[in-house]
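Numbering (this note's numbering), first residue to last: 8 to 291. Ideal Cβ positions, reconstructed from N, Cα and C, are used throughout, including at glycine.
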């Protein structure tokens, strides 16, 4: 039973492959890379490499030959993501892939968030393909808040622009471990899994940051410009990047991530990292 992980050179795919190395024989494990050069580190780690690009359907069809189970890590929002995802699903069907674990978005079929549209489209493609699947509807990585946490730890003020919005923050590696367990075929997974940690607000996150740093930090709800300014001054983030990161908090503020999660720990096979410890890990 051959397993292939797309996005294998990225953080999520890399974490998933490390977990899979402990779950399945390495002879059956493949990672998708865009070029031989990008796949070199995978080979060094004992992973077989297939070359393929989401923008090149022919390369995907070749890369998926002989693959039984696919961990389909959604592409970045650059380019025509729907066209890229269509090519992945069509290549998987042509290759006879029997199962797809796909990294989706919370409540993808009903969410009004702009982020949900491409995932809703992809879920429908996979359903129509007839391929058995699990939609891993991932909530929000704690790493998305890394700059805000770092700025708070350094400057003494955790300043956010996410209002009273809630998110199910957890570490990226924990989401990736669930994905690895799903595609391994060794555990029972449902067709749809709403994955997320306990729902928390930014005020909750600020309180956990106090615990992680041992400092009596101020936790401040502010406008976008103020939050971005704090990132520039205390996290060393360029202005344009700061504005982008602050815009992500508007997704939380909108309520799109206030999705009651399924039993993350059941499918992870162990407890989630406590938030204070998770923040320490993100801060390094």
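Nearest candidate by alpha-carbon position, reference residue i, set the options
| i | options | result |
| --- | --- | --- |
| residue 35 | 200, 190 and 237 | 190 |
| residue 27 | 72, 211, 54 and 105 | 54 |
| residue 97 | 110, 14, 79 and 277 | 79 |
| residue 258 | 51, 285 and 120 | 120 |
| residue 271 | 241, 194 and 181 | 181 |
| residue 238 | 15, 76, 156 and 207 | 156 |
| residue 74 | 49, 197, 10 and 101 | 10 |
| residue 72 | 125, 58, 255 and 225 | 58 |
| residue 93 | 56, 116, 118 and 134 | 134 |
| residue 234 | 280, 207, 169 and 218 | 169 |
| residue 128 | 81, 164, 148 and 288 | 81 |
| residue 66 | 90, 95, 48 and 83 | 95 |
| residue 147 | 138, 175, 136 and 124 | 175 |
For residue i, the first and last residue of its enclosing beta strand (DSSP E)
| i | result |
| --- | --- |
| residue 279 | From DSSP, residue 279 is part of no beta strand (DSSP E); its letter is neither H nor E. |
| residue 24 | First-last for residue 24: 18-28, but that is the alpha helix (DSSP H), not the beta strand (DSSP E). |
| residue 167 | 164-167 |
| residue 231 | That residue, residue 231, is in no beta strand (DSSP E); its alpha helix (DSSP H) goes 231-242. |
| residue 78 | 76-79 |
One or two residues paired with residue i in a DSSP bridge
| i | result |
| --- | --- |
| residue 110 | 143 |
| residue 56 | 38 |
| residue 173 | 208 |
| residue 226 | 165 |
| residue 201 | 144 |
| residue 63 | 60 |
Per-residue burial, residue i [other beta carbons within 10 Å of its own, 16 or more giving buried]
| i | result |
| --- | --- |
| residue 203 | buried |
| residue 251 | exposed |
| residue 87 | exposed |
| residue 130 | buried |
| residue 29 | exposed |
| residue 254 | exposed |
| residue 42 | exposed |
| residue 141 | buried |
Segment limits, alpha helix (DSSP H) that includes residue i
| i | result |
| --- | --- |
| residue 12 | It is not in any alpha helix (DSSP H) - residue 12 instead sits in the beta strand (DSSP E) that spans 10-12. |
| residue 130 | 123-136 |
| residue 44 | 43-51 |
Within 7 Å, strictly: CB atoms of residue i and residue j
| i | j | result |
| --- | --- | --- |
| residue 114 | residue 172 | no |
| residue 158 | residue 241 | yes |
| residue 143 | residue 110 | yes |
| residue 160 | residue 220 | yes |
| residue 99 | residue 122 | no |
| residue 16 | residue 50 | no |
| residue 184 | residue 269 | no |
| residue 213 | residue 283 | no |
| residue 289 | residue 149 | yes |
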